[in-house]
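Chains as they are written, first to last, in my numbering: chain L, 602 to 791; chain H, 602 to 791.
Note that beta-carbon positions come from the ideal geometry of N, C-alpha and C, so glycine has one too.
Keep in mind it's a predicted model, so treat the numbers as computed, not measured.
Everything on this sheet refers to the single structure shown next.
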DNA sequence: TGCTAGGTATACTGATCTGTGAACACACTC
DNA sequence: GAGTGTGTTCACAGATCAGTATACCTAGCA
């Protein structure tokens, strides 16, 4: 949006380090010095590339969003059955959060950032809008009579699976099965 | 758990201010000086009462948990129909997050606190465990043949409704209807 | 040859944050 | 009347954090 020119090699390393550190430890808990150190870069270079920590946070969320969207797209495209494709994002979610599950990076970012004018709010809202639109497209392609309603249901379920990930609970949610039953119910309804 | 003696009047005011400020602006973004100022209390008194900011965070989450549980209990007890009582926590949720909806305070707290040894983790896990156990009790009382499975489904849905609250999306989720359909499906199954 | 862009190295500023020390005041109770 | 618990006032230590200043280096390119 705000910056179309590609990142320099140092800029790429900075974003990669920010993705790891911000997600694992939280945005406010991680300082720019730590990110500069982990990316093998001077703090001066970090500020030459991004200007401020807020802009770096926005770049981190945007980069994570791009990675997530490409994974979902690939998982959806690998499905032959259009009905199965509706729940493909839940399969992607299982792959995505295999190792470290600290919940949704966008929800977590909003939790830390007090003011709604932060660019992270726009990125987070766009990310969820993209997902609910994708659900609606897939539901329409699967022949669902009310794709909008099913899409919002699947979004809520999706966020619920993400939100319960960091909790140390004994019983795992398992969102794919519940998503499939929602799709079945939506398709069976006249 | 760690402290059974009741809070002093100043301690009550501190926790009340912490509830408002921590939830609205985030834990790391709010300093102890601001909490002391908002509660009309010296910082010295704050530290005499709670010892550290981490302990105050734990007290804030515990107090919020108590308030939430009492609201849910009251809403459940007001239900005559045992089937309707299963989805009563979702009605309570609608009342609970009427004014300011910044998502789940416990999920948000975990997002900000990097180390899993923080007392907030135990409180958050206990809170979700309490809710899933309540769902299971209510499902059993309603005659559900598989109350455990329904309970985890309802928990995931519950967290999804909470997580999507702070997002500036046009379409509102509306969790009560989806919860009712889940309960219907679980009761209809043999 | 000289210019420019990307990056390094290092020190620094100013603000903010958690937490402490020490002396004092008031109310209640034994 | 002495002691104890609760709270105030104010100053301050120590650490961390975002962001800046200055000088230097190197590779590509005209």
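Min CB distance residue i to chain H below 9 Å
| i | result |
| --- | --- |
| residue 613 of chain L | no |
| residue 713 of chain L | yes |
| residue 724 of chain L | no |
| residue 639 of chain L | no |
| residue 625 of chain L | yes |
| residue 704 of chain L | yes |
| residue 769 of chain L | yes |
| residue 602 of chain L | Here residue 602 of chain L scores only 43 on pLDDT, less than 50, and its place in the model is too uncertain to base an answer on. |
| residue 729 of chain L | yes |
| residue 718 of chain L | no |
| residue 776 of chain L | yes |
| residue 765 of chain L | yes |
Given residue i as reference, the closest of the options once Cα atoms are compared
| i | options | result |
| --- | --- | --- |
| residue 776 of chain L | L:767, L:788, L:694 | L:694 |
| residue 654 of chain H | H:721, H:745, H:753 | H:721 |
| residue 745 of chain H | H:623, H:786, H:615 | H:786 |
| residue 670 of chain L | L:691, L:681, L:771 | L:691 |
| residue 649 of chain H | H:663, H:633, H:662, H:702 | H:633 |
| residue 770 of chain L | H:724, H:764, H:609, H:771 | H:724 |
| residue 764 of chain L | H:651, H:726, H:731 | H:726 |
Counted within 10 angstroms of its Cβ, other Cβ atoms place residue i as buried (16 or more) or exposed
| i | result |
| --- | --- |
| residue 718 of chain L | exposed |
| residue 603 of chain L | The predicted position of residue 603 of chain L is uncertain, since its pLDDT is 43 and thus under 50; a value taken from the coordinates is nonetheless stated next. Flag for residue 603 of chain L reads exposed. |
| residue 760 of chain H | buried |
| residue 767 of chain H | buried |
| residue 665 of chain L | buried |
Close beta carbons around residue i, own chain, < 6 Å, minus the five adjacent residues each side
| i | result |
| --- | --- |
| residue 743 of chain L | 683, 684, 687 |
| residue 751 of chain L | 740, 745, 787 |
Same chain, Cβ closer than 8 Å to residue i, neighbours up to 5 away in sequence not counted
| i | result |
| --- | --- |
| residue 672 of chain L | 693, 696, 697 |
| residue 639 of chain H | 618, 621, 622 |
Nonlocal neighbours in the same chain, by C-beta distance under 7 Å from residue i, ignoring five residues either side
| i | result |
| --- | --- |
| residue 749 of chain L | 737 |
| residue 628 of chain H | 658, 710, 713 |
CB contact check: residue i to chain L, cutoff 9 Å
| i | result |
| --- | --- |
| residue 544 of chain H | This structure does not reach residue 544 of chain H, given that chain H is present from 602 up to 791, and the question cannot be answered. |
| residue 609 of chain H | no |
| residue 629 of chain H | yes |
| residue 754 of chain H | yes |
| residue 698 of chain H | no |
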